[in-house]
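*Asks:*
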Amino acid sequence: MSDYRVLPGPEHFLPPAAASMGIRLPNPGEAHINGVITSEDKAYEEAARQFLMAKVPTVFPGPLVLWAWNEKAAKKATAVRHLFNTLKECVQPGQKPMLIPMPDYRPKYPKINPEVEINPNHPNLTIWHNKIDCCMFIGVHCHQANLSLKIIRGGTSCYTIAMCAQAGHEDAMLSFRDASVEKIMRLADTVKRLKGTVQPRLTSAKNGASS
Amino acid sequence: MADTHSIIGTKNKKGQTYTDTWKMMNEAPRTPSFYTGSEVIKEAIRRASCDVMIAYPITPQSEAAALIGELFAEGYIGDYFRGESEFAVMSQCAGAAFGGARVFTTTAGPGTMRAMENFPMWSGARLPIQMIVTCRGINSPLSIQPDTLEIAYLLNTGMLVWHAETAQDFFDWILKGYIVSEEPDVHLPLALCCDGFFVTHTKDVVNLTPADMCLPPYDPYRSPVPCMDMECPPVRMMRDPFVMKSNYISYATHASWQQEIWAAVERSRKHTIHWLNGLVDTENTDADIVIVASGTAVSQGREAIRMLEDEGVRCGLVKVKSLRPWPEEEIRQATKNAKHIFVPEFNVTGWLAKEIRATVPNSQRVHAGPHVCGGMTMPPEIIVSEIKTALGMKTFSMAGRGS
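Protein chains in written order, with this note's numbering: chain A, 1 to 211; chain B, 1001 to 1403.
1. Reducing DSSP to helix, strand and coil, say where B:L1317 ends up.
2. Return the bridge partner residues of B:Q1130 from the DSSP annotation.
3. Considering only residues of the same chain and omitting the five flanking positions on each side of B:L1308, which have a CB-CB separation below 7 Å?
4. Taking B:A1108 as the reference, which of B:N1012, B:M1393, B:C1194, B:A1252 has the closest Cα?
5. Measuring alpha carbon to alpha carbon, tell me which of A:E170, A:T160, A:D178, A:A165 ends up nearest A:E46.
6. Which chain B residues sit within Cβ distance under 8 Å of A:Q222?
7. Restricting to Cα atoms, I'd like to know which of A:D133, A:I138, A:E182, A:V181 is closest to A:P10.
8. Give me the Cα-Cα distance between B:F1119 and B:G1295, rounded to the nearest whole angstrom.
9. Is DSSP giving B:R1239 helix, strand or coil here?
10. For A:I212, list the residues DSSP reports as bridge partners.
11. Would you report the Cα separation of A:E170 and B:G1312, rounded to the nearest angstrom?
12. Measure from the C-beta of A:N146 to each C-beta in chain B and report whether the shortest distance is under 8 Å.
13. In this structure, does DSSP put B:Y1218 in helix, strand or coil?
14. Should B:Q1404 go down as buried or exposed, given a rule of 16 or more other Cβ atoms within 10 Å for buried?
15. Can you check which of these residues, B:Y1178, B:E1182, B:R1332, is closest to B:T1285 by C-alpha distance?
16. So does the segment 1038 to 1050 of chain B actually touch the segment 1207 to 1214 of chain B, counting three or more Cβ pairs closer than 8 Å?
17. Within the chosen definition, does the segment 1164 to 1182 of chain B reach the segment 1073 to 1086 of chain B through at least 3 CB pairs nearer than 8 Å?
18. Would the segment 1263 to 1277 of chain B and the segment 1185 to 1201 of chain B be scored as touching if the rule is three or more Cβ pairs under 8 Å?
19. Who are the neighbours of B:T1157 on chain A, taking C-beta pairs under 8 Å?
20. Residues in the same chain with beta-carbon distance under 8 Å from A:D41, minus the five sequence neighbours each way, listed in chain order, please.
21. Is A:N121 close to chain B, meaning its C-beta is less than 8 Å from at least one C-beta of that chain?
22. Please report the distance separating the alpha-carbon of A:W69 from that of B:M1053.
23. Rank A:G155, A:M98, A:L83, A:G62 by C-alpha distance to the C-alpha of A:A48 and give the top, closest one.
24. How would you call B:R1239, buried or exposed, if buried means at least 16 neighbouring beta carbons within 10 angstroms?
25. May I ask you to list, following chain order, the residues of the segment 1138 to 1164 of chain B that have a beta carbon less than 7 Å from some beta carbon of chain A?
26. Between the segment 1253 to 1267 of chain B and chain A, which residues of the former have CB atoms less than 7 Å from a CB of the latter, in chain order?
27. Report the neighbours of B:V1225 on chain A: residues whose CB is nearer than 9 Å to its CB, in chain order.
28. Report yes if the CB atom of B:N1347 is closer than 8 Å to the CB atom of B:D1147, and no otherwise.
29. Could you check where the beta strand (DSSP E) with B:L1142 kicks off and where it finishes?
30. Counting pairs of Cβ atoms below 8 Å between the segment 132 to 150 of chain A and the segment 50 to 70 of chain A, do you hit three or more?
31. For B:G1124 versus B:W1262, is the C-beta distance shorter than 8 Å?
32. B:P1032 and B:V1205: beta carbons closer than 8 Å?
33. Using a C-beta cutoff of 8 Å, does A:P16 count as contacting chain B?
34. Can you tell me where the beta strand (DSSP E) holding B:K1203 begins and where it ends?
35. Three-state secondary structure (DSSP) at B:E1039?
36. Listed in chain order, which residues of the segment 20 to 32 of chain A have Cβ atoms closer than 7 Å to some Cβ of chain B?
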């Protein structure tokens, strides 16, 4: 097994792809935390804990759940909204959950407004502007998600979670695979169950941005 | 869009049953058939639920391409045509794959070289196209004969690269290749190479899966990039790309993009091991002498090992099946006991020996050879002779043979 661990950055001028450092994706029924394969049960607990600890826990929904291109996508979108609402209910004063869409992958020039949307090619701008210290990708095409996750790890200290509908993401610090409505709802339930048991970080988000 | 699992057991328009690939390849009855490699390509594609096949004639792949035309006439392929050149063919393959089709093509030698610009584009765009490369000479003066030099150029394109030894490998790996390269965490093109003529134009007994079973169709909605969206990279990046902006993040994004392609090659390792039963096959790796080879050089090495055994010299064998992903750890393990590692190759530069030298500790153990190229055959006697010379044993010379 690789000694490399997928940890919050800022890691490097050009951090390596975790896969090329020997990190392997989980098999069905598994997840990974920091690049170490673990049970899904543990991953739900850790993801919920990270959300509840964060000053700005953020969900980044991508086009696969933002557009009602099939029935499953519409149901997932509802589940994502439920997760966000649960986060809002469960955090303490001073914490500010956000829901920031990644509606498409177009390079936007002269610039996107990083306050209101996230672009996979410039994710650090959105992280920095909004002082996001924990985020979850869902419904983002795997290639684009990997680009973003790696750039975030390279330049910020944001804790990244991937709720992937396919095989998962090594470049996230925590990744589920085969995401479904049930899995999103279970994560929301775990957040609710852990409400009040996790001490939030009270200092400013350590994301490499000036406060 | 139907879920792949719901399609299993249903029939296509030719009456073939979409079959679970593991069952089809490992549990279904096999029929021994006496076919050329080109005919085997046709039989594999008959079972591959292929949407589009495009090719341009170049020896020695022309026969396979023509035979697949027959499949089109019979209704097994969705679309089939000849491009204007190999460059055009590979671009057209990209177009079809962007649109969500399962795509197949064949090429060889100078055709591969002419089309080369497309291969990193395929990888960068995450297009799981399968390309058969029936290797032949690429240099001037013209040679249509077997020579594997073109594989060296494919190794850094970001494609998966497998090297078949036999027609049986070819049949199985064409079908398994689609499954590996279409995995969403891989989703890369596959160059499935063989030594032209030796494999394509000789007949061999090949065990075929039932013709009424076929692969489940490609599901483009599992792609890691949006399928055919002119507003999004990788398509739109050609128009106003982040790569054309001169700033740190644009370069970093492009760098991350490249890293992601090679990460996907790495991810293919687990799937390739699963489907090919390992990236290498090994025999007698406890021996002091080990031959490491790919393609038909493996067959010649196997025969040389048999001849050496008759003289009391014990040799091991490593058959390298996958060149990308590269079986680094497997080769290290398989050669850890070897005092001498011989790498017979059908090319002038010895690219496989260079890869192995860069992989194993104490690389002075690696003997880069014997080499033949330009269409020469590799009699097992010259492998025997190379090994015996290195061991200080008496050997005869084949120099002057044929004069």
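Ideal Cβ placement from N, Cα and C applies to all residues, glycine included. The model shown is predicted, which means the values in this text are computed figures rather than measured ones.
*Replies:* So, from the listed chains and residues:
1. Position 317 of the second sequence, counting from 1, holds the residue named residue 1317 of chain B. Reduced to three states, the DSSP call for B:L1317 is strand.
2. Start at 1 with the first residue of the second sequence, and residue 1130 of chain B comes out as number 130. Paired residues: B:F1104, B:L1190.
3. Start at 1 with the first residue of the second sequence, and residue 1308 of chain B comes out as number 308. Contacts found: C1315, V1384, I1387.
4. Here residue 1108 of chain B is taken as the residue at index 108 of the second sequence, counted from 1. That would be B:C1194, whose Cα lies nearest to the Cα of B:A1108.
5. What you label residue 46 of chain A is simply residue 46 of the first sequence in a count that begins at 1. Residue A:T160 is the option with its Cα nearest to A:E46.
6. Past the boundaries of the shown model lies residue 222 of chain A; chain A is included only from 1 to 211, so the question cannot be answered.
7. Numbered from its first residue, the first sequence carries residue 10 of chain A at position 10. Among A:D133, A:I138, A:E182, A:V181, the Cα nearest to that of A:P10 belongs to A:D133.
8. Walking along the second sequence from the start, residue 1119 of chain B turns up at place 119. Walking along the second sequence from the start, residue 1295 of chain B turns up at place 295. Cα to Cα, B:F1119 sits roughly 21 Å from B:G1295.
9. For the purposes of this step, residue 1239 of chain B is taken as the residue at position 239 of the second sequence. At B:R1239 the pLDDT is 46, less than 50, meaning the model places this residue with poor confidence and gives no usable figure here.
10. Examination of residue 212 of chain A is not possible in this model, given that chain A is present from 1 through 211 alone.
11. Against the first sequence, residue 170 of chain A aligns to sequence position 170. Against the second sequence, residue 1312 of chain B aligns to sequence position 312. Cα-Cα distance, rounded: 50 Å.
12. Working through the first sequence from its first residue, we reach residue 146 of chain A at position 146. For A:N146, the answer is yes, since a Cβ of chain B falls inside 8 Å of its Cβ.
13. Numbered from its first residue, the second sequence carries residue 1218 of chain B at position 218. In the structure shown, B:Y1218 sits in coil (DSSP, three-state: anything other than H, G, I, E or B).
14. Absent from the model: residue 1404 of chain B. The displayed extent of chain B is 1001 to 1403, so no value can be given.
15. In the second sequence, counting from the first residue as 1, residue 1285 of chain B sits at position 285. That would be B:R1332, whose Cα lies nearest to the Cα of B:T1285.
16. yes
17. no
18. yes
19. Start at 1 with the first residue of the second sequence, and residue 1157 of chain B comes out as number 157. Under the 8 Å cutoff, chain A gives no residues; its nearest Cβ is about 17 Å from B:T1157.
20. Looking up residue 41 of chain A in the first sequence gives position 41. So the list is empty, once near-sequence residues are dropped.
21. By 1-based counting over the first sequence, the position of residue 121 of chain A is 121. Chain B contact via Cβ: present.
22. Here residue 69 of chain A refers to the residue found at position 69 when the first sequence is read from its first residue. Here residue 1053 of chain B refers to the residue found at position 53 when the second sequence is read from its first residue. Near 29 Å, if we compare the C-alpha coordinates of B:M1053 and A:W69.
23. In the first sequence, the residue the question calls residue 48 of chain A occupies position 48. Among A:G155, A:M98, A:L83, A:G62, the Cα nearest to that of A:A48 belongs to A:L83.
24. Start at 1 with the first residue of the second sequence, and residue 1239 of chain B comes out as number 239. Because the pLDDT at B:R1239 is just 46, under 50, the model does not fix this residue reliably, and the point stays unresolved.
25. none
26. T1253, A1255, S1256, W1257, Q1259, E1260, W1262, A1263, E1266, R1267
27. The residue given as residue 1225 of chain B occupies position 225 in the second sequence. Correct list: Y105, H141, C142, H143, Q144.
28. What you label residue 1347 of chain B is simply residue 347 of the second sequence in a count that begins at 1. What you label residue 1147 of chain B is simply residue 147 of the second sequence in a count that begins at 1. Contact flag set, yes.
29. Residue mapping note: residue 1142 of chain B aligns to position 142 of the second sequence, counting from 1. Element bounds for B:L1142: n/a, residue is neither H nor E.
30. yes
31. Position 124 of the second sequence, counting from 1, holds the residue named residue 1124 of chain B. Position 262 of the second sequence, counting from 1, holds the residue named residue 1262 of chain B. No, these two residues do not count as a Cβ contact at 8 Å.
32. Against the second sequence, residue 1032 of chain B aligns to sequence position 32. Against the second sequence, residue 1205 of chain B aligns to sequence position 205. For B:P1032 and B:V1205, yes; Cβs fall inside 8 Å.
33. For the purposes of this step, residue 16 of chain A is taken as the residue at position 16 of the first sequence. Chain B, which has a Cβ nearer than 8 Å to the Cβ of A:P16, makes this yes.
34. The residue given as residue 1203 of chain B occupies position 203 in the second sequence. 1203 to 1208 is the span of the beta strand (DSSP E), which, as asked, contains B:K1203.
35. Sequence index remark: in the second sequence, residue 1039 of chain B carries index 39 (1-based). Of the three classes helix, strand and coil, the one that applies to B:E1039 here is helix, per DSSP.
36. S20, R24, L25
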